[in-house]
Amino acid sequence: MRLLCAFLLSLSALLSGDLCSSNLLRSIVDETKNELNPPVRLDEMTLLIDVRCMQNALTYFYMLDLNDADMQFFANPSTKQAFEEELNTNNTEQYCNNEDISWFRENNVPMRWRYFLKENLYMDIQKSPKDCL
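Yeah, the sequence shown ends on 635 if you go by this note's numbering, and it's all consecutive.
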């Protein structure tokens, strides 16, 4: 009976539009954090710093760890635009085609990737099932 109540509460949260209050989504966030164990370095310039449910989306927070020369390069508006286009394409591909995250697509849960330079938001990309059409 308790399992059914928990399921109904989670379903209610999902249907009401407040995805982040869903026990199921909170569990997924906790599980993801346990698996990834942030902060964790993903490559020479990217550090995954957190995973949260925020504004009805599973949100990954990244810090771009750049030296001064790279910082100047990434501050250039044309470089930022090219980088954003590349990340947008890659994240669309991942969201729409990666079987490991198919549950999010199937349950209309958006995913979001936020990239920071120093303490400032550099880029914010969000994908939902409508991006996969």
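No residue lacks a Cβ here, since even glycine has one placed at the ideal position from N, Cα and C.
Asked	Found
Supposed close pair A559, M613 - CB separation, criterion 8 Å	6 Å
For Q557, the first and last residue of its enclosing alpha helix (DSSP H)	Per DSSP, Q557 belongs to no alpha helix (DSSP H) and is neither H nor E.
Segments assigned beta strand (DSSP E), at least 3 residues, entirely inside the segment 574 to 635	613 to 619 and 622 to 629
For Y597 and R607, believed in contact at Cβ under 8 Å, the rounded distance	7 Å
Inter-residue CB distance, L589 and I627 (contact presumed, cutoff 8 Å)	6 Å
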